[in-house]
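The structure appears below as structure tokens.
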Amino acid sequence: MFEILDVYFIMPMPGSQQMDSVSAAYFLYHWRWVFRAVFIILLVAGFVKGKWKRRWVAFIPLLLIGALIWFLNFRMSADHMFHQPGELVFSDAADNKIDSNRLVVGVFMGGKAKAYPIQFIGYHHIVQDTVGDTPVLVTYCTVCRTGRVYDPHVNGKLETFRLVGMDHFNAMVEDETTKSWWRQATGEAVAGALKNSKLRELFCTQTTLAEWFRLHPASLVMQRDPTLVGDNSQRSLNYETGKSRDALTGTDSLSWKDKSWVLGVNIGNVSKAYDWNLLKTNHMIKDRIGERDVVLVLAPDNTSFFGIEIPEQNSSVHLSKDTIIYNGRHYQIDGVGIDTAYSLKKITVYQEFWHSWRTFHPETQVYK
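Under the numbering used here, the first residue of the sequence shown carries the number 11, and numbering increases by one thereafter.
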């Protein structure tokens, strides 16, 4: 029962993800070898002192328990089910082997750009890399449809992370030094020595690879891990396009259902959710969040999206194909100036399932 509970609380099993059980899960996991030692001592004592007529019979349940422990800890553990990349391989546009219609999480830092296809990071869940001179922790949870990029420094030290499981259907990672558990969707430590601390989030954009290359032609793009046995990445094609009907990762095409897509924005202390279907219809949504005016725009591919802050209230702004026209000046769809040296400020916009956004942003406003 201990071995089952040790896995049950942090894997998507019936009922486990609806509980506030992360503290209990962390306690069981953190003290697992103490529990195991006690149980082994009890088993040995019972075997030695028991009045067994056929002593070998006792080995049958012990073998069954051993098989269960192996299965739960090696076959069912998150970091054994979803391996981190054995080798990171990147190519430029000329040598790229990834379909240009696939989704990527793009990062641009220090004048360097890299794209991480969701077909890969959705399997690995975390990729630890460097963009320019900046270390990055690129993460993705397919059950929440959340792509996030974080600074992997913890208390000033460059950390190594591993996938440990999930809580409320969102992936959790563990840092090597403090063994704290960090929630992928928010970067918050939810258990361990650093509970309530947060990783510093880094700006990223979700687009098609074709759109990313159009905006960053010199970008590198992550290729398939040559050490990966079998091509698990192809399973994500229906997921990316919203055609999957899987219970955990499938999409509901209607609006404001658990598995509907929303766009989420955080500005200051205000969170707001926008219906993806509405953006697909209008291609631009203009709104005011707190004291800031923002626009959400959708590229002509009906897939790539961007958030831009508008500095002047009640100003003229509209979208013409892939060009933002603001007060008579022209800007790329990501806000970079075309006929002006000035660029509009980018804001982070997340695309995720509605159940995820409202779970981790319970005070969210809803745009209708």
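Glycine included, each C-beta is placed from N, C-alpha and C at the ideal position.
Q: Identify whether residue 179 lies in helix, strand or coil by the three-state DSSP scheme.
A: In this structure, residue 179 counts as coil in the three-state DSSP scheme.
Q. What residues in its chain sit with their C-beta under 8 Å from that of residue 159, if we drop five residues either side in the sequence?
A. Hits under 8 Å: 115, 117, 146, 147, 148, 149, 211, 212, 213, 214.
Q) Taking all protein chains shown into account, do 16 or more other C-beta atoms lie within 10 angstroms of the C-beta of residue 48, making it buried, or fewer, making it exposed? A) If you draw a 10 Å sphere on the C-beta of residue 48, you find fewer than 16 other C-beta atoms in it, and that means exposed.
Q) Is the beta carbon of residue 246 less than 8 Å from the beta carbon of residue 128? A) Yes, they are a contact pair.
(Q) For residue 365, count the other beta carbons within 10 Å of its own beta carbon; 16 or more makes it buried, fewer makes it exposed. Which is it? (A) Classification for residue 365: buried.
Q: Just tell me which of 337, 152, 225 has its CA closest to the CA of residue 250.
A: Checked all of 337, 152, 225; the closest Cα to residue 250 is 152.
Q. Which partner residues does residue 365 have in the DSSP bridge list?
A. Paired residue(s): none; residue 365 is not in a bridge.
Q) Where do the N-terminal and C-terminal ends of the alpha helix (DSSP H) with residue 59 fall, by residue? A) Annotation for residue 59: the continuous alpha helix (DSSP H) segment containing it runs 42-59.
Q. Among 236, 179, 203, which has the Cα closest to the Cα of residue 259?
A. Ranking the options by Cα distance to residue 259, first place goes to 179.
**Q.** Helix, strand or coil at residue 248 [DSSP, three-state]
**A.** Correct three-state label for residue 248: helix.
Q: Quick one: residues in its chain with C-beta nearer than 6 Å to the C-beta of residue 265, no 5 flanking neighbours on either side, listed in chain order?
A: Same-chain partners within the cutoff: 285, 287.
Q: Tell me whether residue 299 sits in a helix, a strand or coil according to DSSP, three-state version.
A: DSSP places residue 299 in strand when its eight states are reduced to three.
Q: Over the uninterrupted alpha helix (DSSP H) stretch that includes residue 290, give me the two end residues.
A: First-last of the alpha helix (DSSP H) with residue 290: 286-292.
Q: Flag residue 319 as yes if its beta-carbon sits less than 8 Å from any beta-carbon of chain D, otherwise no.
A: Here there is only one protein chain, and chain D is not present.
(Q) Counting beta carbon pairs with one atom in the region 186-198 and one in the region 164-178, are three or more of them shorter than 8 Å? (A) Taking 8 Å as the limit for Cβ pairs, the verdict is that the region 186-198 does touch the region 164-178.
(Q) Please classify residue 14 as buried or exposed, where buried requires at least 16 neighbouring CB atoms within 10 angstroms. (A) Classification for residue 14: exposed.
Q) Does the Cβ-Cβ distance between residue 207 and residue 201 come in under 8 Å? A) 8 Å or more divides the Cβ of residue 207 from the Cβ of residue 201.
Q. Does DSSP put residue 330 in a helix, a strand or coil?
A. If DSSP states are grouped into helix, strand and coil, residue 330 belongs with the strands.
Q: Name the two residues that bound the continuous beta strand (DSSP E) containing residue 169.
A: From DSSP, residue 169 is part of no beta strand (DSSP E); its letter is neither H nor E.
Q.
DSSP has residue 273 in a bridge; who is on the other side?
A. Per DSSP, 284, 361.
Q: Would you mind working out which of 29, 40, 24 sits nearest residue 12, comparing C-alpha positions?
A: Residue nearest to residue 12 within the set 29, 40, 24 is 40 (criterion: CA-CA distance).
(Q) Does residue 162 come out as helix, strand or coil in the three-state DSSP assignment? (A) For residue 162, the secondary structure class from DSSP, reduced to helix, strand or coil, is coil.
Q | residue 135 versus 111, 304, 176, 120, residue with shortest Cα-Cα distance | A | Distances from the alpha-carbon of residue 135 to those of 111, 304, 176, 120 put 176 closest.
Q) What number of angstroms, rounded off, separates the C-alpha of residue 108 from the C-alpha of residue 233? A) Looking at the two C-alpha atoms, the distance is approximately 7 Å.
Q | Limits of the beta strand (DSSP E) - the one that residue 139 falls within | A | Note, residue 139: beta strand (DSSP E), 136-141.
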